[in-house]
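Structure first, then comments.
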Amino acid sequence: MDFRRIRILIQREFEDIIWNGQIMIVLFSALIMVSTVYILNQFGFNVDQYEIVFFNAIPSVLGFISAFVVMYIQGNILVEEREHRTLKVLQLYKVSRTELLVAKSTITLVIATGLLIVAMIVFRYEVLHVVGGLLFSLPLLMMFLFLGTFLAEYSKNTIEVSLYGWPIIIVYFMLEGVVNSNLNTILITVFPNFHVARGFDYILRDDWTTASLYMVVPILWAVLFYLLLKKKWNASDQQNM
Amino acid sequence: MALTLKGSGKIIGNKELLPPIDLTVQNGEVAAIQADIEHMDAFLSLFEQDKSYLANEIMYDGNAVAGQNELFIYSPDMGEYPRLTPEKMVRFWGQLYNVDFDTSKILTLTELTHVRTKKIKLLTYYEQKRLQFARSLIQKTRIYVFKEPTYQLDLQSKKVFNHVLEEIKKMHGVVILLTSSLEEGIRLGSKVYRLNDRGMQEVELDEEIIEQEEVRDEIPNDEELFQQRFEKISAKTEDKYILFDPLEIDYIETRERQTVLHVNNEEFYSTVTMKDLETKLLPYGFYRCHRSYLVNLQRVREVIVWSKNSYSLTLDNRNEQVVPLSKSKYGELKALLNW
Numbered sequence: 001m002d003f004r005r006i007r008i009l010i011q012r013e014f015e016d017i018i019w020n021g022q023i024m025i026v027l028f029s030a031l032i033m034v035s036t037v038y039i040l041n042q043f044g045f046n047v048d049q050y051e052i053v054f055f056n057a058i059p060s061v062l063g064f065i066s067a068f069v070v071m072y073i074q075g076n077i078l079v080e081e082r083e084h085r086t087l088k089v090l091q092l093y094k095v096s097r098t099e100l101l102v103a104k105s106t107i108t109l110v111i112a113t114g115l116l117i118v119a120m121i122v123f124r125y126e127v128l129h130v131v132g133g134l135l136f137s138l139p140l141l142m143m144f145l146f147l148g149t150f151l152a153e154y155s156k157n158t159i160e161v162s163l164y165g166w167p168i169i170i171v172y173f174m175l176e177g178v179v180n181s182n183l184n185t186i187l188i189t190v191f192p193n194f195h196v197a198r199g200f201d202y203i204l205r206d207d208w209t210t211a212s213l214y215m216v217v218p219i220l221w222a223v224l225f226y227l228l229l230k231k232k233w234n235a236s237d238q239q240n241m
Numbered sequence: 001m002a003l004t005l006k007g008s009g010k011i012i013g014n015k016e017l018l019p020p021i022d023l024t025v026q027n028g029e030v031a032a033i034q035a036d037i038e039h040m041d042a043f044l045s046l047f048e049q050d051k052s053y054l055a056n057e058i059m060y061d062g063n064a065v066a067g068q069n070e071l072f073i074y075s076p077d078m079g080e081y082p083r084l085t086p087e088k089m090v091r092f093w094g095q096l097y098n099v100d101f102d103t104s105k106i107l108t109l110t111e112l113t114h115v116r117t118k119k120i121k122l123l124t125y126y127e128q129k130r131l132q133f134a135r136s137l138i139q140k141t142r143i144y145v146f147k148e149p150t151y152q153l154d155l156q157s158k159k160v161f162n163h164v165l166e167e168i169k170k171m172h173g174v175v176i177l178l179t180s181s182l183e184e185g186i187r188l189g190s191k192v193y194r195l196n197d198r199g200m201q202e203v204e205l206d207e208e209i210i211e212q213e214e215v216r217d218e219i220p221n222d223e224e225l226f227q228q229r230f231e232k233i234s235a236k237t238e239d240k241y242i243l244f245d246p247l248e249i250d251y252i253e254t255r256e257r258q259t260v261l262h263v264n265n266e267e268f269y270s271t272v273t274m275k276d277l278e279t280k281l282l283p284y285g286f287y288r289c290h291r292s293y294l295v296n297l298q299r300v301r302e303v304i305v306w307s308k309n310s311y312s313l314t315l316d317n318r319n320e321q322v323v324p325l326s327k328s329k330y331g332e333l334k335a336l337l338n339w
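Chains as they are written, first to last, in UniProt numbering: chain A, 1 to 241; chain B, 1 to 339.
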C-alpha cells in the first residue's frame, strides 16, 4: 500500500466532492435532520397518557448519518469511478483496490464523524461523551461503510446505488421504530439499532463497561458485511483471471 | 532499441480471438495496426493482462516489460473526472506518476489553455479527447499504445494528436496505434499492418515501391485511353452485379487484395483490379493518390497537410471522408490541380 498515492487520491476526492451535487444534498439533509431532531425533542407530546417520542436524539441521528450519509456517499463515490470510466486509468497507475478503498473510506468517515460531532455538540454532549460516542459509533459506521462498498460493487452507476440503497435505509428506519417501541421480544436484540440506542444511554450515564458491551452486536454486523464484501471481491478476482 | 511483441494469440472456447503475433517496433517509430474492433480488443488485452508479462511476451530493448504500468495505454473508453478542470486533472495525473512538468506547456500543446479552468463536463467531446492525449505527455515511458485515438475527431484535435505523436517521437518512444481506419493508419503510421484472422500483415508503404510499381504499370497514353470502350464500373453483391457510373464513385481502395468502391457512403466490392480501374477512370478525373487509393478529384474538397510527410484529402460528401495522399504524390497533385 502506497500512502503517497492514497494522499493524492484523497486530495483529488475532496476537490471533486465539493462540486458533487448529490453529496451536497445528502450533507444538507443530514444537517436538517440534526436540527429537526433537536427541535422536536424540545417539545413533549402526549396522546392518551402516552408520550410520543419522534426520534431518540443522537442514536437516531447516528442511524441517519450511518445509513444515509455513510452508505450513500461511499456507494456513490466508489461507483463514480466506474461510471466516469476513470477506474481503468487508475488501474494503469497501479492504484490498488485497497488504496482506492482506503482513500474513499477516509473521505466518507471524515464527513460522517464531522456530522456526528456537530450533532453531539448541538445536543450539548460533554467532551468525554463526544469521544466515547464516536468510539461507540464506529462499528455501526463501519457496517454501513461496508454496505456502501458492497452496493458499489453491484451497481453500475449512482442511480443503481440509490435504487438498491433506499430499501436498506427504509428497513433500517422501520426497525428504529420497532426497537424503540415497548415491544418486548428477544428478536429485536438482533438488530444493531437496539444496541446503539441502549449503548448511548449508558454512555450518558458514564457506565462505559455496560456501554461497550452494546458494541458487540454492531461489531458482528460489521464483520458479517465485511465477509460478504470479501466474498464478492474473491469472486470478481477469479472472474478477471 | 525496439519493442518486441511475441504474443501467443488468444483463444476463448473454440474461437481464436487473436492469432499469434510477432511484431517489432523501433524507437521513434509508429506502428499503425488496422483491425476490426474484436481483433483490436484482443490485441489490446495482450498489454492489459498479467499473463503477457509473466510469459515475457513483451520485451523492450531485450528486457522483459514487467507490467502495464511501464507503458502508456489510451483507449476511448477511459474517462476523466467531470467536476475537475483540465488544469487540476493534469496536475492529478502528474502527482500520481510522481513527475514534475510544466502544466501550461501540456495544456498549450493540447490546445486546452482557453478552457484550463472550465469543468471537464462542460468541455466539448473533442476537448475531452485532447485532455486524454495530454496524459501521454505526462507519463514517462517508452511504450505508447493508442486505441482508436482519432475516431470521430475533428480536424483540430487530429492535428493536436499529430503534435502529440511528434513529441513522443522526439522522446524516442515506441508507438503502437490501433485503428479501424486504414486511411488513419497510413496517415499516422511509419509502418502499417493489418490484423485479422490470418494474422498480422504489413501494408507496403515504401515510396520507392510505389514508384517502381508505377513504372511497371505503365499507364497508357491519352490516345489509347480514349480508345478504350467502357461506360460502367461493375460491383458484385450477393446475387447481382451493380453497374456504377464512374462519376458516382467517391473513391476506390484496395483492401485485403480486393477492390472496394465507395459510393455515397456505401461500400461495394468490385471484380476489376485497381490497376485496370485506374486506367479506365483516368479520363474521368480519377487520381491514384496512394498505392491503395484512387480518388475522384471532383469530390476532393480539402488537402490537409498534417506534417511535411503526412497528407490527406477530405472529400466533399456527407461524411467528409478522408483519403490518404502519398508524400510523393503531393507535389504532383499540387501541379495537377494548380493551387
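Where a beta carbon is used, it is the ideal one built from N, C-alpha and C, also for glycine.
I'd like to confirm the pairing. Which residues does DSSP put opposite residue i in its beta bridges?
{"i": "residue 22 (chain B)", "result": "B:6"}
{"i": "residue 290 (chain B)", "result": "B:293"}
{"i": "residue 340 (chain B)", "result": "Nothing can be reported for residue 340 (chain B): it is not among the residues displayed for chain B, which extend from 1 to 339."}
{"i": "residue 324 (chain B)", "result": "B:312"}
{"i": "residue 262 (chain B)", "result": "B:251, B:267"}
{"i": "residue 34 (chain B)", "result": "B:179, B:194"}
{"i": "residue 12 (chain B)", "result": "B:15"}
{"i": "residue 136 (chain A)", "result": "Looking at the DSSP assignment, residue 136 (chain A) forms no beta bridge with any residue, so it has no partner."}
{"i": "residue 174 (chain B)", "result": "B:143"}
{"i": "residue 244 (chain B)", "result": "B:233"}
{"i": "residue 60 (chain B)", "result": "B:3, B:63"}
Look up residue i in the DSSP assignment and say whether it is helix, strand or coil.
{"i": "residue 84 (chain B)", "result": "coil"}
{"i": "residue 65 (chain B)", "result": "coil"}
{"i": "residue 250 (chain B)", "result": "strand"}
{"i": "residue 167 (chain A)", "result": "helix"}
{"i": "residue 18 (chain A)", "result": "coil"}
{"i": "residue 88 (chain A)", "result": "helix"}
{"i": "residue 120 (chain A)", "result": "helix"}
{"i": "residue 126 (chain A)", "result": "coil"}
{"i": "residue 93 (chain A)", "result": "coil"}
{"i": "residue 35 (chain A)", "result": "helix"}
{"i": "residue 339 (chain B)", "result": "coil"}
{"i": "residue 30 (chain A)", "result": "helix"}
{"i": "residue 55 (chain B)", "result": "coil"}
{"i": "residue 135 (chain B)", "result": "helix"}
{"i": "residue 172 (chain A)", "result": "helix"}
{"i": "residue 3 (chain A)", "result": "helix"}
{"i": "residue 298 (chain B)", "result": "helix"}
{"i": "residue 252 (chain A)", "result": "With chain A covering 1 to 241 only, the question about residue 252 (chain A) has no answer from this structure."}
{"i": "residue 305 (chain B)", "result": "strand"}
{"i": "residue 72 (chain B)", "result": "strand"}
{"i": "residue 154 (chain A)", "result": "helix"}
{"i": "residue 209 (chain B)", "result": "Reliability of the predicted coordinates at residue 209 (chain B) is poor, the pLDDT of 48 falling under 50, and the value obtained from them is presented with this limitation in mind. Correct three-state label for residue 209 (chain B): helix."}
{"i": "residue 156 (chain B)", "result": "helix"}
{"i": "residue 166 (chain B)", "result": "helix"}
{"i": "residue 123 (chain B)", "result": "coil"}
{"i": "residue 202 (chain A)", "result": "helix"}
{"i": "residue 106 (chain A)", "result": "helix"}
{"i": "residue 45 (chain B)", "result": "helix"}
{"i": "residue 227 (chain B)", "result": "Since pLDDT at residue 227 (chain B) reaches only 47, below the 50 mark, its modelled position is unreliable, and the value read off the structure follows with that caveat. Three-state DSSP puts residue 227 (chain B) in a helix."}
{"i": "residue 184 (chain B)", "result": "helix"}
I believe residue i touches residue j by the beta-carbon criterion, under 8 Å. Please report the beta-carbon distance rounded to the nearest angstrom.
{"i": "residue 142 (chain B)", "j": "residue 174 (chain B)", "result": "6 Å"}
{"i": "residue 303 (chain B)", "j": "residue 336 (chain B)", "result": "Not confirmed; about 11 Å, so no contact."}
{"i": "residue 10 (chain B)", "j": "residue 17 (chain B)", "result": "4 Å"}
{"i": "residue 140 (chain B)", "j": "residue 97 (chain B)", "result": "7 Å"}
{"i": "residue 196 (chain A)", "j": "residue 62 (chain A)", "result": "6 Å"}
{"i": "residue 145 (chain B)", "j": "residue 127 (chain B)", "result": "No, residue 145 (chain B) and residue 127 (chain B) are not in contact; Cβ-Cβ is about 23 Å, not under 8 Å."}
* Output, in sequence order along the chain, the residues in the region 84-105 of chain A whose CB is closer than 7 Å to any CB in chain B. => 84, 85, 86, 88, 89, 92, 93, 94
* Taking a cut of 8 Å between CB atoms, which residues from the region 14-42 of chain A lie near chain B? -> 15, 16, 19, 20
* Return the residues of the region 69-82 of chain B that lie within a Cβ-Cβ distance of less than 9 Å from chain A, sorted by chain order. => 69, 71, 72, 73, 75, 77, 78, 79, 80, 81, 82
* To do: Return the residues of the region 186-214 of chain A that lie within a Cβ-Cβ distance of less than 8 Å from chain B, sorted by chain order.
  => none
* **Residues within the region 121-151 of chain B neighbouring chain A, beta-carbon criterion of under 7 Å** => none
* Would you list, in sequence order, the uninterrupted alpha helix (DSSP H) runs of no fewer than 4 residues that lie entirely inside the region 88-115 of chain B? => 103-109
* At which residue ranges does the region 56-82 of chain A contain complete alpha helix (DSSP H) runs of 4 or more residues, listed in the order of the chain? -> 57-64
* Could you please tell me which residues of the UniProt domain "HTH LytTR-type" (233-339) of chain B, in chain order, have their CB closer than 7 Å to any CB of chain A? => none
* Near-chain B residues of the region 114-132 of chain A (beta-carbon distance less than 9 Å), N- to C-terminal order -> none
* To do: Taking only beta carbons into account, state which residues of the region 153-179 of chain B come closer than 7 Å to chain A, listed in chain order.
  => none
* To do: With 7 Å as the limit, tell me which residues of the region 100-115 of chain B have their beta carbon closer than that to any beta carbon of chain A; keep them in chain order.
  => none
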